[in-house]
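**Q** Have a look at the structure that comes next, please.
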Amino acid sequence: MVFYSDIIYRTFDKKENLSVITYTQHTSGKTEAYTEKLTSLLNLAAHLIAKEGYHKASIRKVAKAANLSISTLYHYFQEKEQLLFLIQYHTFDSLVQKLKEGLETISSPEKKLLAMIENHIQHFIQHMDELKVCSRELEALSGTYYQKVFQKRREYFNLTLKIIEELKNKYHNPDLDSRLATLFLFGMLNWIYMWYKPSAKSSYPKMVKQMYNLVIFGIKNTG
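In the working numbering, the protein residues as written are 107 to 329.
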């Protein structure tokens, strides 16, 4: 189950920015119950969208799968696009926060790269539906929803780009295009939903090690 440490509720007006109300400001009992239910709905919706696509995964289908009325569902979000926003924003927010925490105690760029790859693969093999949604459905968002998710994705990209640049400088590799290398890395990481199966022989540690070796070898030997 995806856990969002601080589920936030964002209302949307095409003429205004998103306003944020943090549910931790509510009473602890209500907040915990609300957060747990919202998290469950986001997981369920992510599975449905990953399976059917955003445009076919109607609010009615989400309500039916959750065994809730449509009116009850709208207690947790105001519209379908907001549901997609919450799934995508909190997925990338979680990745960013975990990566930042992991990098705090690491000085070696090699270990930073390993931590980034490990963080990404570990998160998404546990939450494959969210990976599919985030890979396929960014363009389904519009306006401020799109901008907020894009900014969070850009933050994640820049954290990774900085690691690649540190490695480029360490190995004195002027021929390496750091931006392209970062894009290639994300291309490999995000494509795992096309082939990964939990029962497959490609175990999580093996995947992390092999991808790390592939990237670090490429950085050392670009020319």
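Heads up, the beta-carbon is just placed ideally off N, CA and C, and yes, glycines get one too.
#1: If you run the structure through DSSP and keep just helix, strand and coil, what is D235?
#2: Let me see if you follow: with CB-CB separation under 8 angstroms, is S200 close to chain C or not?
#3: Would the beta-carbon of K268 fall within 8 angstroms of that of I325?
#4: Would you decide whether E207 is buried or exposed? Buried here means 16 or more other CB atoms lie within 10 Å of its CB.
#5: What span of residues does the alpha helix (DSSP H) with L267 cover, start to end?
#6: Check whether the segment 158–177 and the segment 248–259 are in contact - that is, three or more C-beta pairs closer than 8 angstroms.
#7: Among L144, E216 and K170, whose alpha-carbon lies nearest the alpha-carbon of Q184?
#8: Please name the residue, chosen from E245, L154 and F323, that lies closest to L282 on a Cα-to-Cα basis.
#9: Assuming L265 contacts L205 under a Cβ cut-off of 8 angstroms, what Cβ separation, rounded to an integer in Å, is found between them?
#10: Hey, out of S241, T211 and V321, whose CA is closest to W297's CA?
#11: What do you reckon, are the CB atoms on L220 and Y299 nearer than 8 angstroms?
#12: Leaving out five residues on either side along the sequence, give the residues of the same chain with a beta carbon under 7 angstroms from the beta carbon of L189.
#13: What is the rounded straight-line gap between the Cα of A172 and the Cα of E158?
#14: Whose C-alpha, out of V168, F191 and E142, is nearest the C-alpha of L244?
#15: Leaving out five residues before and five after L209 in sequence, what residues of the same chain have Cβ atoms less than 7 angstroms from its Cβ?
#16: Closest to I231 by C-alpha separation, out of K312, Y302 and V239, would be which residue?
#17: Pull up the CB-CB distance for K238 and A156, whole angstroms please, since I reckon it's below 8 angstroms.
#18: Measuring alpha carbon to alpha carbon, tell me which of Y160, Q316, F263 and L201 ends up nearest L286.
**A** In terms of the structure at hand:
#1: Helix at D235.
#2: The chain inventory of the structure shown lacks chain C, comprising one protein chain alone.
#3: Taking C-beta atoms as the reference points, K268 and I325 fail to come closer than 8 angstroms.
#4: Using a 10 angstroms sphere on the CB of E207, the tally of other CB atoms stays under 16, which defines it as exposed.
#5: Taken as a continuous stretch (DSSP letters only), the alpha helix (DSSP H) holding L267 covers G249 to K276.
#6: As far as the Cβ criterion goes, the segment 158–177 does not touch the segment 248–259, which means the pair count is below three.
#7: Per the Cα distances, L144.
#8: It is F323.
#9: Confirmed, about 6 angstroms.
#10: Comparing C-alpha distances from W297 to each of S241, T211 and V321 shows the shortest one belongs to S241.
#11: Taking 8 angstroms as the cut-off, the Cβ atoms of L220 and Y299 do not count as close.
#12: Excluding residues within five positions, the ones whose Cβ falls inside 7 angstroms are A151 and F183.
#13: If I take the Cα positions, the gap works out to 16 angstroms.
#14: Minimum Cα distance to L244 is reached at F191.
#15: Excluding the 5 residues flanking it on each side, L209 has same chain C-beta neighbours closer than 7 angstroms at K218 and A221, in chain order.
#16: Proximity to I231 across K312, Y302 and V239 peaks at Y302, based on C-alpha coordinates.
#17: Rounded to whole angstroms, the Cβ separation of K238 and A156 is 4 angstroms, and the two are in contact under 8 angstroms.
#18: Nearest C-alpha to L286 among Y160, Q316, F263 and L201: F263.
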